[in-house]
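When we follow the numbering used here, the leftmost residue of the sequence shown carries the number 19, and every step to the right adds one.
Every residue gets a Cβ at the ideal spot worked out from N, C-alpha and C, and that includes glycine.
Just so we're clear, the structure is a prediction, and the values are computed from it rather than from any experiment.
What follows is a set of notes on a single structure, which appears directly below.
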Amino acid sequence: MSAFLGELIGTALLIVLGGGVCAGVSLKKSFAKDSGWIVITLGWGLAVAISVYAVGSISGAHLNPAVTLGLAFKGSFPWSQVPEYIAAQMIGAMIGATIVSLHYLPHWKETEDPGTKLGVFATGPAIPNTFANLLSELIGTFILVFGILAIGSNKFADGLNPFIVGFLIVSIGLSLGGTTGYAINPARDLGPRIAHFLLPIPGKGGSNWKYAWIPVVGPVLGGSLAGLFYQIIFEGKHNSAIMYVGIVTVGILIVSYLTSKKSQIHTKNRKVVA
């Protein structure tokens with residue numbers, strides 16, 4: 019099997035198991051309805067562990083563009099293969115989301131709220147705030163990629179690494195996931211969001227494209243910074259890319275902060291007028 023197919027199948031499996039737990043907890047008349055956030059975080063952690071075990075020997079089981087970029091910036095993965103891996107991850111995520119939609123086919127009509135339906139496919143913020151939401155995704159993904167690199171460098175748990183990474187996902191979800199639903203993976207959010215847009219789901223509503231860039235840009239920046247940070251601090255290797263990625267990150271954060279402030283002022287003025 020090729021690395022491309024390995025990433026595609028692995029990411030599809032990740033979304034089937036991860037998106038499936040979101041559907042089970044959220045959709046009406048599911049036996050798992052209202053199981054809660056802990057079940058969701060455990061479900062995603064196990065989804066990652068099982069998917070990594072499934073295709074790790076074939077492609078390395080990145081399953082996440084942020085991980086691929088982090089490894090490339092660290093110098094552990096060839097840049098020439100980055101587009102191929104990201105394409106496979108995106109296609110796999112869309113396929114996985116489609117399988118989830120088919121598995122829960124009768125439950126879509128039973129569930130009235132369009133936001134609940136979108137939540138099965140993609141993430142959304144608990145409190146919409148461009149700067150805070152972007153920073154949340156950046157921090158969560160930084161910890162994810164840094165953790166993966168640290169776990170991979172240790173030999174004391176060979177064979178258990180996928181399981182430990184799964185626990186890392188659970189930990190991030192419990193500690194940091196409450197703000198944005200912790201996408202921490204551009205393919206995990208954008209692929210299923212595209213599937214939501216394309217699939218004929220009854221009463222689905224919009225796909226919230228206004229927010230869609232945050233769970234893509236935040237993880238891309240966080241993963242890239244984590245790879246560079248690990249290389250510079252832990253391996254003692256200088257990489258000038260840190261300056262460029264850092265400048266881009268700070269610039270995007272400043273713009274998002276100003277956008278958030280402008281939005282808050284606009285909302286406040288509307289309330290005063292009302």
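Less than 7 angstroms between the CB of residue i and some heavy atom of the ligand SAM, yes or no?
i	result
Ser77	What this structure holds is no ligand at all, so the ligand SAM is not there to describe.
Mind checking whether residue i and residue j have CB atoms under 8 angstroms apart?
i	j	result
Gly114	Val34	yes
Glu25	Leu81	yes
Pro143	Thr197	yes
Ile21	Ile76	Looking at the sequence shown, residue 21 is not Ile but Ala. For Ala21 and Ile76, yes; Cβs fall inside 8 angstroms.
Val263	Leu152	no
Thr141	Ala201	yes
Phe139	His256	no
Asp207	Pro180	no
Lys92	Gln249	yes
Gly83	Gly221	This sequence places Pro at residue 83; Gly is not what is there. Against a cut-off of 8 angstroms, the Cβ pair of Gly221 and Pro83 comes out as no contact.
Met13	Gly269	With the chain represented from 19 up to 292, any question about residue 13 goes unanswered, as that position is not in the structure.
Thr116	Leu194	no
CA-CA distance, residue i and residue j?
i	j	result
Val85	Glu130	36 angstroms
Phe247	Leu23	30 angstroms
Lys14	Leu89	Residue 14 lies beyond the range of the chain shown here (19 to 292); nothing can be said about it.
Asn147	Met19	43 angstroms
Phe164	Ser281	33 angstroms
Thr267	Gly254	22 angstroms
Lys279	Phe149	9 angstroms
Trp62	Trp227	23 angstroms
Trp97	Ile283	43 angstroms
Glu102	Gly38	26 angstroms
Ile212	Ser225	8 angstroms
Ser94	Phe49	44 angstroms
Trp231	Asn172	34 angstroms
Gly54	Leu178	27 angstroms
Ile265	Tyr275	15 angstroms
Ala259	Ile219	43 angstroms
Gly28	Asn203	14 angstroms
Ala205	Ile104	8 angstroms
Val273	Leu239	15 angstroms
Could you pull the start and end residues of the alpha helix (DSSP H) that residue i belongs to?
i	result
Asn151	Thr148 to Ser171
Glu25	Ala21 to Ser44
Glu128	His125 to Glu128
Phe185	Asn179 to Leu194
Phe91	Pro83 to Lys92
Ala65	Trp55 to Ser77
Leu136	Pro132 to Phe139
Pro204	Pro204 to Leu216
Gln107	Val100 to His121
Pro229	It should be pointed out that residue 229 corresponds to Tyr in this sequence rather than to Pro. Tyr229 -> alpha helix (DSSP H) spans Trp227 to Ala230.
Contact check, residue i vs residue j under 8 angstroms by CB: the rounded distance?
i	j	result
Leu69	Leu120	A small correction: the amino acid at residue 69 is Ser; Leu does not occupy that position in the sequence shown. Actually they are not in contact, since the Cβ atoms of Ser69 and Leu120 sit about 19 angstroms apart, beyond 8 angstroms.
Gly36	Ala65	4 angstroms
Cys40	Gly137	6 angstroms
Thr59	Leu192	5 angstroms
Indicate whether the contact test is met: 3 or more Cβ pairs, each with one atom in the segment 237-254 and one in the segment 159-168, closer than 8 angstroms. yes
Margin query: Check whether the segment 104-120 and the segment 184-201 touch, using three or more Cβ-Cβ pairs below 8 angstroms as the test.
Written below: no
Practice task
Specify whether the segment 28-45 and the segment 124-143 touch according to this definition: at least 3 beta carbon pairs, one from each stretch, less than 8 angstroms apart.
Solution key: yes
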